[in-house]
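Novice: One structure, pasted below without further comment.
Laid out in structure tokens, this is it:
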């Protein structure tokens, strides 16, 4: 076997191997199919090359040469095709790809009819080589155009893209350019230039580069990490190929029989195989697996994201998602313990095939899990544990390799399970340490989320309590507002009664007296209504709000109603109230009662925050087609930066214990959001605070 | 005999009107004001025997009117008539030297009338 034949064989085997791998991993994706054809063309070229080099007569050589040229022709067009697929430009370049295929088919026909070259002759002891015809030059130009244009577009795409895409293009393009350079070393011999095309082996370079891009940068939709063994085999094969190449060269350089060559090869293999293997394992660990499984990154992701999530569903789903992404286990699941029902249920999972698992209170699994004290349980250690048959079921149902108990205050609140890693690696001690600490964090996060969940359930209650507390503080003011009209009614009526009894009207005509009485009655009605409005508003405010009822709400009307409840507070604290609402201001689309509650809470806070004699609150409103922005500005004491960051947290309050439960703004924000609105706040300590409310404009 | 002079200061016009109707027809010379500052001016000018004073008013509040009046027309009796039925406030005002305190609604105009006469008879 000549060196050139061996090169062809190695190139062919590696290419077809990678091609099949890519195809089998995701045969549904167009890009994978195109990539397979690309590698098949490379393999066809190289296997043709191998057999062409292996023949000892010009007739067989011509047959294999025609085969290799077919491969050669298709390499470039499929290269262009796959490049466009990587760049997501298949549709855009559809026409040019079709035209390229058609032209290439023409060249295949010309090749088969031997019109690109005349006969094959032995050249420089390197096998049978062709002599080109003028048509061949046309092909050579076309060959180069396809390769260069494709590479150029890839390079453009490389410059414009980012992240994984950029890296994918980087490795694919590098591999292909090196391959083209290697492949083009075959051309000089066509023109009788004695330059042995050993660099043809460079075609093989695209295989490890593509494999690397697949593993590290998800090239070609192969989402799954290639198992270490496959990467290892690919790397090992390519290096081993070079290895054999070296022995053959040594055979030719030093002469001697096959036995010496074999002896040298065997010697080198024995000498270097083990160190080489160790080197390869280390390299693949370092460059292919290490970065994906960066423990610190994992920890950071957890502390940064998971602990801040207060929504239980989101928390657990994200945990499973993150762990699946970072560790790449075959399965990942979280079981949670329902304290009330005494059962374990599957909250989130990936890869276990079922979505509903419940271990009821009387199920042996529940009792068994509750009795466990260990944080970590390995499948392999099951033999050492009591109730191992029960636990074995858990491992089986969850397809788990390892279970982490989620414990808070020595109480188990759930189980995190992980399956075997897709990479076939075992969990190392370091893995376990890090995952165990993650499990502790997760347990706390889950406990927190549950507390929030509870809070959510009682939130309506809490809102109601808060309102009742507010009404308590209002009662003095309300009393004043009602006693004033009542005072008028009583005084008017009594005055007229007493005057009449005392005969004060004896000089007054009945008609005139009657007119006077009518006036009094009118005023009575007026004042009675005035009192009624206040009590109605108060009782409206006090009622728990039920379902959201979105309707057209007039901002000014809502504001006035709110002010009628607060006017006493305002005057008591000497706060001037200024409305800057344009005439004909658009209505908002919201729940009118809830808008009232929102305004009430914010304005009352503003009044309470007033600590100076010339207090004022300005409500300003602006609108465009879509939204209405209300800003409620006070010149009160303002809020510190620290306070601002906590302002919307539940139970945050700066007021004394008798003035509020602290749920005010937390609930206000939720109510605003329920009304499709937004709330934000700006404040400067000592200068005042502005709340900005945004609502949707009502459209008929 | 000169009529007793009564000044009513309250921002509720209808209330002022009702008291005016009653006291005028029952032998008082009545002056009215719906703002604290104007009420004080009238008090200085007319030197009424009794002032019926509300607490919450624009411009000048009851508290200030009381202290200014104590200074400018010390002989005038001051009766607070307010919807502000709060014990603490009442104590504070009594300490300021007011002569009477009636909650709104006034349960009986006759009682108020009697109270005024009682105050006047003391002088």
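Protein chains in written order, with my numbering: chain G, 1 to 700; chain F, 1 to 123.
Glycine included, C-beta positions come from ideal geometry on N, C-alpha and C.
All of these numbers come straight from a predicted model, not from anything done at the bench.
Using a Cβ-Cβ cut-off of 6 angstroms (strictly less than) and excluding sequence neighbours within five positions of residue 73/G, which residues of its own chain qualify?
Specialist: So the list reads 104, 107 and 108, once near-sequence residues are dropped.
Novice: Residue 436/G: buried (16+ other C-beta within 10 angstroms of its C-beta) or exposed?
Specialist: Exposed is the call here.
Novice: Taking only runs of the alpha helix (DSSP H) that begin and end inside the stretch 326-396 of chain G, which ones reach a length of at least 4 residues, in chain order?
Specialist: With a minimum length of 4 residues, the continuous alpha helix (DSSP H) runs that stay inside the stretch 326-396 of chain G are 364-370.
Novice: Going by the C-beta, is residue 470/G closer than 8 angstroms to any heavy atom of the ligand NAD?
Specialist: The ligand content of the structure shown is nil, which means the ligand NAD is not present either.
Novice: In the stretch 11-26 of chain F, which residues sit with their C-beta less than 8 angstroms from some C-beta in chain G, listed in chain order?
Specialist: The stretch 11-26 of chain F vs chain G, Cβ under 8 angstroms: 12, 14, 15, 17, 18, 19, 21, 22, 25 and 26.
Novice: In terms of DSSP beta bridges, what is residue 414/G paired with?
Specialist: Answer is 336/G and 406/G.
Novice: For residue 213/G, collect the residues of the same chain with a Cβ closer than 7 angstroms to its Cβ; drop the 5 residues on either side in sequence, then sort them by chain order.
Specialist: Cβ within range, chain order: 167, 168, 171, 172 and 219.
Novice: Between residue 9/F and residue 53/F, is the Cβ-Cβ spacing less than 9 angstroms?
Specialist: The answer is yes: Cβ separation under 9 angstroms.
Novice: Can you give the beta carbon distance from residue 401/G to residue 379/G, rounded, assuming they're within the 8 angstroms contact cut?
Specialist: Indeed, because the Cβ distance is near 5 angstroms, the residues count as touching under 8 angstroms.
Novice: Cβ atoms of residue 87/G and residue 153/G: under 9 angstroms apart, would you say?
Specialist: Yes; because the gap between Cβ atoms is below 9 angstroms, this pair is in contact.
Novice: Of all Cβ atoms in chain G, is any one closer than 9 angstroms to the Cβ of residue 50/F?
Specialist: No, no contact with chain G.
Novice: To the nearest angstrom, report how far apart residue 414/G and residue 344/G are at their CA atoms.
Specialist: Cα to Cα, residue 414/G sits roughly 7 angstroms from residue 344/G.
Novice: Roughly how many angstroms lie between the CA atoms of residue 40/G and residue 337/G, to the nearest whole one?
Specialist: Between residue 40/G and residue 337/G, the C-alpha separation is close to 54 angstroms.
Novice: Answer yes or no: does any C-beta atom of chain F fall closer than 9 angstroms to that of residue 526/G?
Specialist: Yes, its Cβ sits closer than 9 angstroms to a Cβ of chain F.
Novice: Go through the stretch 618-649 of chain G residue by residue and report every complete run of the alpha helix (DSSP H) that reaches 4 residues or more, in order.
Specialist: As far as the stretch 618-649 of chain G is concerned, its whole alpha helix (DSSP H) runs of at least 4 residues are 641-646.
Novice: At which residues does the beta strand (DSSP E) containing residue 678/G begin and terminate?
Specialist: Segment 678-684, the beta strand (DSSP E) holding residue 678/G.
Novice: Is the distance from the Cβ of residue 30/F to the Cβ of residue 43/F below 9 angstroms?
Specialist: Not in contact: residue 30/F and residue 43/F (Cβ atoms no closer than 9 angstroms).
Novice: Determine the extent of the alpha helix (DSSP H) in which residue 111/F is found, giving its start and end residues.
Specialist: Run containing residue 111/F: 109-122, per the alpha helix (DSSP H) assignment.
Novice: Compare the C-beta of residue 616/G against all C-beta atoms of chain F and say whether one is closer than 9 angstroms.
Specialist: False, the Cβ-Cβ gap to chain F never drops below 9 angstroms.
Novice: Checking contacts by CB at 9 angstroms: is residue 511/G closer than that to chain F?
Specialist: It does not; no Cβ of chain F falls within 9 angstroms.
Novice: Closer than 7 angstroms by C-beta to residue 562/G: which residues in its own chain qualify, once you throw out the five before and the five after it? Chain order, please.
Specialist: Same-chain partners within the cutoff: 596, 599, 600 and 603.
Novice: Which chain G residues are close to residue 84/F, counting only those with a beta carbon under 7 angstroms from its beta carbon?
Specialist: In chain order: 480.
Novice: Measure the Cβ-Cβ separation of residue 491/G and residue 78/F and say whether it is below 9 angstroms.
Specialist: Their beta carbons are not under 9 angstroms apart, which means residue 491/G does not touch residue 78/F by this criterion.
Novice: Using the beta-carbon count (16 or more within 10 Å), is residue 30/G buried or exposed?
Specialist: That one is exposed.
Novice: Suppose you measure from the CA of residue 335/G to the CA of residue 347/G; what does that come to, to the nearest Å?
Specialist: Their Cα atoms are separated by approximately 6 angstroms.
Novice: Does the distance from the C-beta atom of residue 70/F to that of residue 572/G stay below 9 angstroms?
Specialist: Not in contact: residue 70/F and residue 572/G (Cβ atoms no closer than 9 angstroms).
Novice: Return the first residue and the last residue of the alpha helix (DSSP H) that residue 556/G is part of.
Specialist: It spans 555-572 - the alpha helix (DSSP H) in which residue 556/G sits, taken as one unbroken run.
Novice: Hey, residue 39/F and residue 6/F are a contact pair by Cβ (cut 8 angstroms); roughly how many whole angstroms apart?
Specialist: About 12 angstroms; that fails the 8 angstroms criterion.
Novice: Which partner residues of residue 52/F appear in the DSSP bridge assignment?
Specialist: For residue 52/F, which the question treats as bridged, DSSP gives the partners 8/F and 79/F.
Novice: Verify whether the separation of the beta carbon atoms of residue 84/G and residue 1/G is less than 9 angstroms.
Specialist: Result no, Cβ atoms of residue 84/G and residue 1/G do not sit closer than 9 angstroms.
Novice: Using a beta-carbon distance cut-off of less than 7 angstroms, what residues from the stretch 571-594 of chain G approach chain F?
Specialist: Listed by position, the residues of the stretch 571-594 of chain G near chain F (Cβ gap below 7 angstroms) are 571.
Novice: Tell me where the alpha helix (DSSP H) around residue 505/G begins and ends.
Specialist: Note, residue 505/G: premise wrong, no alpha helix (DSSP H); not H, not E.
Novice: Is residue 12/G buried or exposed, if buried means 16 or more other CB atoms sit within 10 Å of its CB?
Specialist: Buried.
Novice: In whole angstroms, give me the CA-to-CA distance for residue 138/G and residue 241/G.
Specialist: Cα to Cα, residue 138/G sits roughly 35 angstroms from residue 241/G.
Novice: Residue 79/F CB to nearest chain G CB: under 9 angstroms?
Specialist: Output row for residue 79/F: interface = no.
Novice: Using the three-state DSSP reduction, which class does residue 55/G fall into: helix, strand or coil?
Specialist: Of the three classes helix, strand and coil, the one that applies to residue 55/G here is coil, per DSSP.
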